[in-house]
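Residue numbers (our numbering): 2 to 343. In this text, a Cβ means the ideal position worked out from N, Cα and C, and glycines have one as well. Before any comments, here is the structure.
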């Protein structure tokens, strides 16, 4: 992989990302579309709130709820502390969690970063590397190593074309990736997830990813954290580009629809991008998502401490259950069927 100077650059970039996410406005001005979705109210739901079941199954693993702690950070001290807190929450409540890009580990395999399995021995964890890195020296064996290092139950390939294009240090060769994704899928023993990073998955990319064998699509649409904007904020010379493209992408609700329409019977669909409440998460499940992911809200809550993080999650879980009660949905599957059945 790359030299120590490259590793230092990656660490510095990760710290920039954390500082900007905590202290700057990093969300697009275009709304995700969740506010336009109205769940069907039922005045007499014939349900006891205490008996509502939020558990879901994912690749043989039982999760306590469809909330996904989406990938955000890691690889430097501040990011690792946040990941430790998130991992503890995932362990305590039986949640799935994706880590941020593990590229720094490939640049320095002796790094102590991402050693969160000790905090979450039973949690469902997703490893993560940029899809474009398959064109920059990251091979099948590297991906297997990242999976083993995290003891991950799945691997995320994140598609971040706009971010890389605006990033001063960005990698811009996205050619030929579909065939490499297919090759990787055949070689690894865990499910493979294709995830956008705030610009959304389009219909053609969904179709190509499924044909390549991916097991899940994470819509990650426009309306939440916008990594093109963040990269512009990192540099005065790149700032005009970040401003120009800060509202670029497919709104989250539309991106989720693209994923649901493309999915086959075995494809899992994760919704993310501007989900900011348990009600938004319920709307995502209603529209067909298996999991509803949040990154920035979990990130900010974790930065405040473990108690704040736990309070954040339990509050939004209760909102999710209230939405289920008020729609007469005894479990996430029945909430999803409301949309299917019209």
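Where does residue i land, buried or exposed, given buried means 16+ other C-beta within 10 angstroms?
i	result
residue 78	exposed
residue 205	exposed
residue 35	buried
residue 273	buried
residue 83	buried
residue 263	buried
residue 117	buried
residue 44	exposed
residue 208	exposed
residue 226	buried
residue 178	buried
Can you look up residue i in the DSSP assignment and give me helix, strand or coil?
i	result
residue 194	strand
residue 325	helix
residue 219	strand
residue 80	helix
residue 99	strand
residue 15	helix
residue 129	strand
residue 152	coil
residue 246	coil
residue 269	strand
residue 229	helix
residue 58	strand
residue 251	coil
residue 157	strand
residue 138	coil
residue 86	helix
residue 182	helix
residue 319	helix
residue 28	strand
residue 49	coil
residue 172	coil
residue 20	helix
residue 3	At residue 3, the pLDDT of 45 sits below 50, so the modelled position is not reliable; the number obtained from the coordinates is stated separately. The answer is coil: DSSP assigns residue 3 none of H, G, I, E or B.
residue 209	helix
residue 279	helix
residue 167	helix
residue 202	coil
residue 352	Past the boundaries of the shown model lies residue 352; the chain is included only from 2 to 343, so the question cannot be answered.
residue 92	helix
Judging by CA-CA distance, which residue of the options is the nearest neighbour of residue i?
i	options	result
residue 236	100, 168, 190	168
residue 292	53, 321, 313	321
residue 49	342, 331, 341, 337	331
residue 234	21, 10, 16	21
residue 176	15, 191, 160, 39	160
residue 42	311, 284, 245	284
residue 275	132, 201, 193	201
residue 155	317, 145, 335	145
residue 287	246, 342, 33	342
residue 298	308, 315, 307, 278	278
residue 244	258, 228, 74, 255	228
residue 232	333, 163, 269, 224	163
residue 149	132, 134, 103, 257	103
residue 221	26, 282, 252	252
residue 308	131, 87, 256	87
residue 153	294, 100, 113, 306	100
residue 107	240, 26, 39, 131	131
residue 270	318, 58, 18, 166	58
residue 158	300, 340, 210	210
How about residue i and residue j: do their beta carbons lie closer than 8 Å?
i	j	result
residue 30	residue 248	yes
residue 64	residue 98	no
residue 199	residue 250	yes
residue 302	residue 313	yes
residue 129	residue 72	yes
residue 105	residue 230	no
residue 89	residue 121	yes
residue 218	residue 195	yes
residue 215	residue 189	no
residue 172	residue 133	yes
Looking only at DSSP bridge pairs, what is residue i linked to?
i	result
residue 239	Partner(s): none; residue 239 has no beta bridge.
residue 70	98, 295
residue 63	58
So is residue i in contact with chain B if we call contact Cβ pairs under 8 Å?
i	result
residue 274	Of the protein chains in this structure there is only one, and it is not chain B.
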